[in-house]
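Chains as they are written, first to last, in numbering that gives the first Met the number 0: chain A, 0 to 314; chain B, 0 to 314; chain C, 0 to 279; chain D, 0 to 279.
First the structure, in the form of structure tokens, and then the observations on it.
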Amino acid sequence: MDTVTANTRPDLRVSIGGLELANPVMTASGTFGYAQEFSNLLDLDQLGGIIVKGISLEPRPGNPPPRIVETACGMLNAIGLENVGVDRFIKEKMVWLAKLASPLVVNILGDSVEEYGEIARRLDQVEGISGLEINISCPNVKKGGVAFGTVPTMAAEVTKVVRRVTELPLIVKLSPNVTNIVEMAKAVEGAGADAVSLINTLIGMAIDAKSRRPKLANIIGGLSGPAIKPVALRMVYQVAGSVKIPVIGIGGISCADDAVEFLLAGATAIQVGTANFYEPAVTIQIIQGMEDYLRQQGETSIRDIIGTVRTGAEV
Amino acid sequence: MDTVTANTRPDLRVSIGGLELANPVMTASGTFGYAQEFSNLLDLDQLGGIIVKGISLEPRPGNPPPRIVETACGMLNAIGLENVGVDRFIKEKMVWLAKLASPLVVNILGDSVEEYGEIARRLDQVEGISGLEINISCPNVKKGGVAFGTVPTMAAEVTKVVRRVTELPLIVKLSPNVTNIVEMAKAVEGAGADAVSLINTLIGMAIDAKSRRPKLANIIGGLSGPAIKPVALRMVYQVAGSVKIPVIGIGGISCADDAVEFLLAGATAIQVGTANFYEPAVTIQIIQGMEDYLRQQGETSIRDIIGTVRTGAEV
Amino acid sequence: MFSVVKTDIRQIEPYSLVAFFMSEFQENCPIETITRSASDVVCITVLASQIARTACPGQFVMVRVGNGYDPLLRRPFSIHACDQKNNSISLLFKVVGQGTAMLAALAPDDSLDLIGPLGKGFSFGNTPACLVGGGMGIAPLYFLASELAARESTNDHHILLGARNREELAPFVDQFSGLGFAVQTATDDGSLGHHGFVPDLLDAITPFAGTIYTCGPHPMMENVVRKCSQLSLPCQVSLETHMACGLGACLGCTVAGKDGYVHVCKQGPVFPASEVKWTL
Amino acid sequence: MFSVVKTDIRQIEPYSLVAFFMSEFQENCPIETITRSASDVVCITVLASQIARTACPGQFVMVRVGNGYDPLLRRPFSIHACDQKNNSISLLFKVVGQGTAMLAALAPDDSLDLIGPLGKGFSFGNTPACLVGGGMGIAPLYFLASELAARESTNDHHILLGARNREELAPFVDQFSGLGFAVQTATDDGSLGHHGFVPDLLDAITPFAGTIYTCGPHPMMENVVRKCSQLSLPCQVSLETHMACGLGACLGCTVAGKDGYVHVCKQGPVFPASEVKWTL
Ligand SMILES: Cc1cc2nc3c(=O)[nH]c(=O)nc-3n(C[C@H](O)[C@H](O)[C@H](O)COP(=O)(O)OP(=O)(O)OC[C@H]3O[C@@H](n4cnc5c(N)ncnc54)[C@H](O)[C@@H]3O)c2cc1C
Ligand SMILES: Cc1cc2nc3c(=O)[nH]c(=O)nc-3n(C[C@H](O)[C@H](O)[C@H](O)COP(=O)(O)OP(=O)(O)OC[C@H]3O[C@@H](n4cnc5c(N)ncnc54)[C@H](O)[C@@H]3O)c2cc1C
Ligand SMILES: Cc1cc2nc3c(=O)[nH]c(=O)nc-3n(C[C@H](O)[C@H](O)[C@H](O)COP(=O)(O)O)c2cc1C
Ligand SMILES: Cc1cc2nc3c(=O)[nH]c(=O)nc-3n(C[C@H](O)[C@H](O)[C@H](O)COP(=O)(O)O)c2cc1C
Ligand code: FES
Ligand code: FES
Chain A
0 MDTVTANTRP DLRVSIGGLE LANPVMTASG TFGYAQEFSN LLDLDQLGGI IVKGISLEPR
60 PGNPPPRIVE TACGMLNAIG LENVGVDRFI KEKMVWLAKL ASPLVVNILG DSVEEYGEIA
120 RRLDQVEGIS GLEINISCPN VKKGGVAFGT VPTMAAEVTK VVRRVTELPL IVKLSPNVTN
180 IVEMAKAVEG AGADAVSLIN TLIGMAIDAK SRRPKLANII GGLSGPAIKP VALRMVYQVA
240 GSVKIPVIGI GGISCADDAV EFLLAGATAI QVGTANFYEP AVTIQIIQGM EDYLRQQGET
300 SIRDIIGTVR TGAEV
Chain B
0 MDTVTANTRP DLRVSIGGLE LANPVMTASG TFGYAQEFSN LLDLDQLGGI IVKGISLEPR
60 PGNPPPRIVE TACGMLNAIG LENVGVDRFI KEKMVWLAKL ASPLVVNILG DSVEEYGEIA
120 RRLDQVEGIS GLEINISCPN VKKGGVAFGT VPTMAAEVTK VVRRVTELPL IVKLSPNVTN
180 IVEMAKAVEG AGADAVSLIN TLIGMAIDAK SRRPKLANII GGLSGPAIKP VALRMVYQVA
240 GSVKIPVIGI GGISCADDAV EFLLAGATAI QVGTANFYEP AVTIQIIQGM EDYLRQQGET
300 SIRDIIGTVR TGAEV
Chain C
0 MFSVVKTDIR QIEPYSLVAF FMSEFQENCP IETITRSASD VVCITVLASQ IARTACPGQF
60 VMVRVGNGYD PLLRRPFSIH ACDQKNNSIS LLFKVVGQGT AMLAALAPDD SLDLIGPLGK
120 GFSFGNTPAC LVGGGMGIAP LYFLASELAA RESTNDHHIL LGARNREELA PFVDQFSGLG
180 FAVQTATDDG SLGHHGFVPD LLDAITPFAG TIYTCGPHPM MENVVRKCSQ LSLPCQVSLE
240 THMACGLGAC LGCTVAGKDG YVHVCKQGPV FPASEVKWTL
Chain D
0 MFSVVKTDIR QIEPYSLVAF FMSEFQENCP IETITRSASD VVCITVLASQ IARTACPGQF
60 VMVRVGNGYD PLLRRPFSIH ACDQKNNSIS LLFKVVGQGT AMLAALAPDD SLDLIGPLGK
120 GFSFGNTPAC LVGGGMGIAP LYFLASELAA RESTNDHHIL LGARNREELA PFVDQFSGLG
180 FAVQTATDDG SLGHHGFVPD LLDAITPFAG TIYTCGPHPM MENVVRKCSQ LSLPCQVSLE
240 THMACGLGAC LGCTVAGKDG YVHVCKQGPV FPASEVKWTL
């Protein structure tokens, strides 16, 4: 290992199934809008990657309000996947997004396997898109509403269909609401995913005692934020130990130490979600903090720490 | 509905499959020791019920340290089910415990179906025990370590075996680390459980970035505390809508409003876990707060609010 | 400052609006003064040069509470006053929960992390103006009133304020009177002014042919909007919802608009009443 | 107070011990004074009549930090000083993380929610006593030293204190000197006393035939224990672990004992060195 002086800039580059990132820090889908919303508050070009809000085939109005509620060290959301639809996304958002230096990944979602395939097809040749992330937490309307993300064969099918229509790096985003996350990861790996990202939100609920009504109009919603970090880290650790494709860690990441924990557990990159809301420049702080960490640890490259958590008696 | 004046004492009594509780507030297994530890800090006889630390057939030393770590609004524990074993429990702890006015429920755990049956058999005729709670989160060593709590047929089998050897009210405690919690609840209901309690801890992990070591010697542990409340409430809501036996809500309950949320979602009683650690008298505060809540809502009995969350357009 | 918006900006795609009209800043703002009234109303004045320079009445800031994760989300507060000379802005709020309690406990040597100015504020409509505020909804109207007072004679305008009782309302009356306005008041308990609700005061000012600006509890605003639509008066309302980001990114701050959902943090918080769906 | 334990209490089943020797209280304790030194060491003195009345040297309290859920768990702190006349106890701690930072920010009109006195403190062994403290491990030794000074001539005993540098150590030296003790010192940087580690100072006091009481960083205590076992001296160590409850209920505060695990909060924090498993 090379010795690192305080002046050496550590190497933060990582590669995710063909996607080359200047650093491992990306923004999570649905928590960074279409990036433009944050452009006054941080330098977007410093980000390792940007993942935009989930896009469906048709525009979706989303759920009725209230859609969000704060919980202990977390929040529940039931946005209902409000988005402008793939065609307006390409026409209205991509012009601006294509000018960004950071790789852009588009998160996609559908109610049927065919929908996923069709969205991917339409995005495939669009200038400025570096990869796709498949959100499989959505219910499959044709299969009685069971989420694609809870049945390995269904997740594999979606992956295969998307794989068929695009050469873009393909990330499949896993839902944590399953008994066996490793099984899910292996299924999509086998179906051609270039990487997996995890976790999406945990399903949760909150009730207002006084009015006796659910705090979300949708009754249930997705739990995110620091509260879920331990669950996310455990799943990343389990999956990274079981698949060969790169893993992207997501869930409650709020500072550089959090991000490092995920890399040590085996993630090649990370995504920051809820933290963007309360600290818009948190991603930049994390990138800076990762550099400091590497210097302190006497490492020259972030790649050298991936999966190096010391679980044995080796010390 | 009767009108309630400020002087009327609301009726807090509930019944859990033959277990009559003066109020719905119990202490969760593993978070209240053998009750004696708390006897100087609150009046144990005011509790709706007491559930003691999980008891196995043989004494268990538990896991090596560190066993606990704080997380955002929660904690991870990997105690490793340290306990004195069923025989010493009966000999050493029951003398003192039998004197308490509150119903005592013993939480039991085993590595095989036979062990569960044998512990239940030994506890069956012991004076002062009002019920058993089966912890099915443990791995079944005979079935390759898959947790009883993740496979419906295995959970049902444990329930049946215990049911066969005891007439005591039988609560089965469900693990949240499953895709389909309703399926688990229905399986144990069908196998003869008098009630289900949920949730046990979510599986999580934490890493110390500096030393690159897991913060728990056991690597993974169970997440509890306010952080998990939304997940617990969602599962209680789902299960209460799907089974006929009473549901006991557990997970992050820290104040009367939290407890009320679980009752509105359909729980007949609740258990307080982690909160006992930082606020030993929290259960007493919750009981008092429930009375205040009923007065404010103009209700005379706690039983009238169970499952009354308003999810429709009824307002 | 307080620019007159000529084009109907709601025809423009919301996200390009950002680039046109707004630039928000994240500022670490030293607290200059913090005062707490008898009725648990707190006023914090902070140095916030960038925000003070660009803020318009009706806009808001997102405030970080504490340094930990509980509470996790920033809290939205309207800009109550803006002093461009001293580079300061003031927030006025009531202690209603954990976040506001923590803010109330701050001291003049502490600082506040703010993002702002955010959202779309009031747009200048036909004069005269009639400001109708209820409870803490009066907070943003003071900034609006200051701008009005700076432009035109205060005699032209109407200020109608309501609250639960004298204790809550009196400090506001002093503030607006200080700008030179005659203030009409209503209290729930009759302890100051009209015994009843503030929308009742609208009856006394008709015939009126100007613009109504209102902020307050939802039922109150509904009442105001009902009267305005009966009288065919243009009305601007400032809405509140739960917000996670305040930036238009989370899509959490939805309310039902005339056609489809609108996002309060970006397309509002101030809307022409006609753009919002009311259950009148 | 500071009772001489005659029976070997470790033969007694730990849970019945509770009823025998201890009664803990939850008290809401007004802060009397709070001081913060240059090296981020904070001393808080609180009124805590029940705890002050029953506390023994080596025992600790569990302190609630803030009113929220972050941080969630109470923090354990040794009782640094106990003033039975004034019904007060003092805690001395270093700011190392979120909890201690929040405690350091408290003011004399705030109060602390304490549970205590907890655990098993030092038991009086053969005299003379030799107290060996490192860093913040010195905190509980001051309470022990006060009791010693109240019983016997301070000349009989040895006080060996170490820290990183003069800045950290000097305040302690003043404290112990104030009780009438002669204090021997060691600092990592040689800025006060011996340039090296505090266990080195043990060599200078041998031959010694009394009891060693030690508290400090684990490697330091290991060193002390190694020397004591070489010299066959009885030694009592005060251990630290992460604690959730402090009451013996969570079973989280385990360390490896001579045979099997022991729980620091209930069977400790003070143990005869021989009861603990060392990697010497
Ligand atoms: C654009 C905007 C401007 C606002 N301006 C002001 C102002 O100038 N003065 C003022 O006193 N209040 C204002 N509010 C409301 C203020 O944001 C809430 O009172 C505050 O967030 C409550 O925080 P808390 O932690 O004390 O309360 P919580 O403990 O979070 O909740 C207490 C109560 O406040 C409600 N609440 C919580 N968060 C919000 C929120 N984001 N929006 C609305 N209600 C909420 C909760 O539903 C609950 O009833 C404004 C809200 C918005 C959206
Ligand atoms: C019986 C006992 C007595 C103690 N007496 C004192 C004392 O008199 N003075 C003093 O300064 N400190 C004392 N400590 C240590 C003190 O409890 C920790 O420094 C404190 O809990 C750190 O809290 P934090 O939130 O600031 O740090 P955190 O942010 O929680 O953690 C910062 C660092 O402190 C460590 N830490 C956190 N919690 C504990 C804990 N419960 N026990 C030990 N280390 C911990 C963490 O591992 C980490 O390295 C004692 C600990 C025990 C178990
Ligand atoms: C308001 C909100 C909206 C979200 N929308 C999406 C989405 O459209 N597609 C998706 O795959 N994940 C979505 N997520 C999940 C996040 O990308 C992320 O997986 C999750 O929030 C966990 O990370 P965090 O704890 O850092 O927020 C959303 C999360 C939030 C809070
Ligand atoms: C330290 C600790 C030990 C526990 N031990 C047990 C146990 O022995 N048996 C069991 O069924 N659950 C055990 N639990 C789980 C709790 O009973 C409870 O289900 C869980 O902590 C969620 O509730 P809470 O968030 O209120 O703590 C334990 C939890 C903790 C924190
Ligand atoms: S608050 Fe996030 S979009 Fe409005
Ligand atoms: S801290 Fe809970 S048993 Fe010791």
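A virtual CB, placed ideally from N, CA and C, is assigned to each residue, including glycine.
Quiz item: Name the chain A residues whose beta carbon is nearer than 9 Å to that of Val40/C?
Solution: Locating residue 40/C in the third sequence gives position 41, counting from the first residue. What Val40/C touches in chain A: nothing, since even the nearest Cβ is about 23 Å away.
Quiz item: If you drop the 5 nearest sequence neighbours on each side, which residues of the same chain put their C-beta closer than 6 Å to that of Leu122/A?
Solution: Sequence index remark: in the first sequence, residue 122/A carries index 123 (1-based). Cβ neighbours of Leu122/A beyond the five flanking positions: Val105, Ile128.
Quiz item: Is the closest heavy atom of ligand 1 to the C-beta of Gln97/C under 7 Å?
Solution: Your numbering for residue 97/C matches position 98 in the third sequence. Yes, Cβ of Gln97/C sits closer than 7 Å to a heavy atom of ligand 1.
Quiz prompt | Reference Tyr236/A, options Gly250/B, Ile218/B, Ala226/B, closest by Cα | solution = On the first sequence, position 237 is the one that residue 236/A refers to. The residue with the shortest Cα to Cα distance from Tyr236/A is Ile218/B.
Practice problem: Flag this pair as touching only if the stretch 192-201 of chain A and the stretch 245-255 of chain A have three or more C-beta atom pairs under 8 Å; answer yes or no. | Solution: yes
Practice problem: May I ask you to list, following chain order, the residues of the stretch 31-42 of chain A that have a beta carbon less than 7 Å from some beta carbon of chain C? | Solution: Phe31, Gly32, Tyr33, Gln35, Glu36, Phe37, Asn39, Leu40
Quiz item: Thinking C-beta only, is Val308/A closer than 8 Å to Arg211/B?
Solution: For this step, residue 211/B is matched to residue 212 along the second sequence. For this step, residue 308/A is matched to residue 309 along the first sequence. Contact: yes.
Exercise. State the DSSP-derived secondary structure class of Val64/D, mapped to helix, strand or coil.
Key: What you label residue 64/D is simply residue 65 of the fourth sequence in a count that begins at 1. Three-state DSSP puts Val64/D in coil, outside helix and strand.
Quiz item: Name the chain C residues whose beta carbon is nearer than 8 Å to that of Val94/A?
Solution: Walking along the first sequence from the start, residue 94/A turns up at place 95. Ordered by position in chain C, no residue passes the 8 Å Cβ test against Val94/A, which lies about 10 Å from the chain.
Quiz item: Nearest chain C C-beta to Asp69/D closer than 8 Å, yes or no?
Solution: As a position in the fourth sequence, residue 69/D is number 70, starting the count at 1. So yes, Asp69/D belongs to the interface.
Quiz prompt | Pick from His241/C, Leu250/C, Gly118/C, Met242/C that is closest to Lys265/C, judged by C-alpha positions | solution = Along the third sequence, read from residue 1 onward, the residue named residue 265/C stands at position 266. For the residues His241/C, Leu250/C, Gly118/C, Met242/C, the minimum Cα distance to Lys265/C belongs to Gly118/C.
Practice problem: Could you check if Thr184/C is buried or exposed, using at least 16 other CB atoms within 10 Å of its CB as the buried criterion? | Solution: Start at 1 with the first residue of the third sequence, and residue 184/C comes out as number 185. Buried is the call here.
Exercise. Within 10 angstroms of the Cβ of Lys276/C, are there 16 or more other Cβ atoms? Answer buried if so, exposed if not.
Key: Counting from 1 along the third sequence, the entry for residue 276/C is found at position 277. Counting Cβ neighbours within 10 Å, Lys276/C comes out exposed, since fewer than 16 surround it.
Quiz item: Buried or exposed: Arg12/A, going by 16 or more other Cβ atoms within 10 Å of its Cβ?
Solution: For this step, residue 12/A is matched to residue 13 along the first sequence. Exposed: under 16 other Cβ atoms inside 10 Å.
Quiz item: What are the start and end residues of each continuous beta strand (DSSP E) run of 3 or more residues lying completely inside the stretch 170-250 of chain B, in chain order?
Solution: 194-197, 201-204, 219-223, 246-249
Quiz item: What are the partner residues of Asp112/D, as DSSP defines its beta bridges?
Solution: On the fourth sequence, residue 112/D is found 113 positions in, with the first residue counted as 1. In DSSP, Asp112/D forms a bridge with Asn27/D.
Exercise. Check each residue of the stretch 220-251 of chain B: if its Cβ is closer than 7 Å to any Cβ of chain D, include it; give the result in chain order.
Key: Gly224, Pro225
Practice problem: Could you tell me which of Tyr68/C, Asp39/C, Arg225/C sits nearest to Thr278/C, measuring between CA atoms? | Solution: Against the third sequence, residue 278/C aligns to sequence position 279. Of the candidates Tyr68/C, Asp39/C, Arg225/C, the one whose C-alpha sits nearest the C-alpha of Thr278/C is Arg225/C.
Quiz item: Is any heavy atom in ligand 6 found nearer than 7 Å to the beta carbon of Gly256/D?
Solution: One-based indexing of the fourth sequence puts residue 256/D at position 257. Gly256/D: no, Cβ never under 7 Å from ligand 6.
Quiz item: Along chain B, in chain order, which residues have C-beta atoms closer than 7 Å to that of Gly247/D?
Solution: One-based indexing of the fourth sequence puts residue 247/D at position 248. Here the neighbours are Gly32, Glu36.
Self-check item: Span separating the alpha-carbon of Val164/A from that of Ser14/A
Solution: Within the first sequence, numbered from 1, the residue matching residue 164/A stands at position 165. Within the first sequence, numbered from 1, the residue matching residue 14/A stands at position 15. Cα to Cα, the separation comes out at about 22 Å.
Exercise. Could you tell me which chain C residues have their CB closer than 9 Å to the CB of Gly73/A, listed as they occur along the chain?
Key: For this step, residue 73/A is matched to residue 74 along the first sequence. Those within 9 Å of Gly73/A in chain C are Tyr68, Leu71.
Quiz item: What's the gap between the Cα of Val242/B and the Cα of Ser237/D?
Solution: Here residue 242/B corresponds to residue number 243 of the second sequence, with the count starting at 1. Here residue 237/D corresponds to residue number 238 of the fourth sequence, with the count starting at 1. The alpha-carbon atoms of Val242/B and Ser237/D are separated by roughly 52 Å.
Quiz item: Does any CB atom of chain B fall closer than 8 Å to the CB of Ala54/D?
Solution: Numbered from 1 along the fourth sequence, position 55 holds the residue referred to as residue 54/D. Not closer than 8 Å to any Cβ of chain B, the Cβ of Ala54/D fails to qualify, so no.
Quiz prompt | Boundaries (first-last residue) of the beta strand (DSSP E) holding His217/C | solution = Translated into the one-based positions of the third sequence, residue 217/C becomes position 218. Unbroken run through His217/C is the alpha helix (DSSP H), 217-230; no beta strand (DSSP E).
Quiz item: Is the beta carbon of Ser77/D within less than 7 Å of some heavy atom of ligand 2?
Solution: The residue given as residue 77/D occupies position 78 in the fourth sequence. Ser77/D: yes, Cβ under 7 Å from ligand 2.
Quiz item: Cβ of Met220/C versus every heavy atom of ligand 1: is any distance shorter than 7 Å?
Solution: On the third sequence, residue 220/C is found 221 positions in, with the first residue counted as 1. No, ligand 1 has no heavy atom inside 7 Å of this Cβ.
Quiz prompt | For Met25/A, the residue or residues it bridges with in DSSP | solution = Position 26 of the first sequence, counted from the start, is the residue given in the question as residue 25/A. Paired residues: Gly48/A, Gln270/A.
Quiz item: If contact means a Cβ-Cβ distance below 8 Å, which residues of the stretch 82-102 of chain C contact chain D?
Solution: Gln97
Practice problem: Measure the C-alpha to C-alpha separation of Ser2/C and Val83/A and round it to an integer number of angstroms. | Solution: Mapped onto the third sequence, residue 2/C falls at position 3. Mapped onto the first sequence, residue 83/A falls at position 84. Confidence in Ser2/C is poor, its pLDDT being 39 and thus under 50, which makes the residue's placement unreliable; the coordinate value appears in the next sentence. Rounded to whole angstroms, Ser2/C to Val83/A spans 30 Å at the Cα level.
Self-check item: Backbone secondary structure at Cys252/D - three-state DSSP
Solution: The sequence position of residue 252/D within the fourth sequence is 253, counting from 1. DSSP places Cys252/D in coil when its eight states are reduced to three.
Quiz item: Is there at least one Cβ from chain A nearer than 8 Å to His241/C's Cβ?
Solution: As a working note, residue 241/C is residue 242 in the third sequence. By this cut-off, His241/C is an interface position.
Practice problem: Using 10 angstroms around the beta-carbon of Pro107/D, count the other beta-carbons present and answer buried if the total reaches 16, otherwise exposed. | Solution: Numbered from 1 along the fourth sequence, position 108 holds the residue referred to as residue 107/D. Pro107/D is exposed by the Cβ-count criterion.
Practice problem: Mind checking the stretch 51-72 of chain B against chain D and listing, in chain order, the residues whose C-beta falls within less than 7 Å of any C-beta there? | Solution: Pro60, Gly61, Pro64, Pro65, Arg66, Ile67, Val68, Glu69, Ala71, Cys72
Quiz item: Which of the three DSSP states, helix, strand or coil, is assigned to Arg74/D?
Solution: Position 75 of the fourth sequence holds residue 74/D. In this structure, Arg74/D counts as strand in the three-state DSSP scheme.
Practice problem: Using a threshold of 8 Å, state whether the C-beta atoms of Arg66/A and Ile78/A are closer than that. | Solution: Your numbering for residue 66/A matches position 67 in the first sequence. Your numbering for residue 78/A matches position 79 in the first sequence. Closer than 8 Å, so yes.
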